[in-house]
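Worksheet: one structure, shown below.
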Amino acid sequence: MSAYATELATWREITARLEAENGPLPGSYRAEIAAAEAAKAAEADALDDKAHAQGWGIKDPARAEAARQRAEARRRDLI
């Protein structure tokens, strides 16, 4: 194995260890993927909230969220 290959393997091992401990490193490809996945999840949550609000007939998202929280609290009380 060449010196370059050894150095590259060492760098990859250190990077993998750091990412395992702390999550994706800033500026890395994995961090970009994690950010994109988080954005998709946030968008899906927003769509769920909008659908929930429409189901309750409430157009204001804050009021819809308050209604959801009240319903969730009632559900927890019944369990």
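For the sequence shown, the positions run -1 to 77 when our numbering is used.
From the three backbone atoms N, C-alpha and C, an ideal C-beta is built for every residue, glycine too.
Residue range of the alpha helix (DSSP H) that includes residue i
i   : result
I56 : No alpha helix (DSSP H) holds I56; DSSP gives it neither H nor E.
Short Cβ contact (8 Å threshold) for residue i with residue j
i   : j   : result
K28 : E17 : The question names Lys, but residue 28 is Arg in the sequence shown. Yes, they are a contact pair.
L23 : T13 : yes
A49 : I56 : no
A65 : W54 : yes
P59 : D43 : no
Coil, strand or helix - residue i by DSSP
i   : result
L16 : helix
L23 : coil
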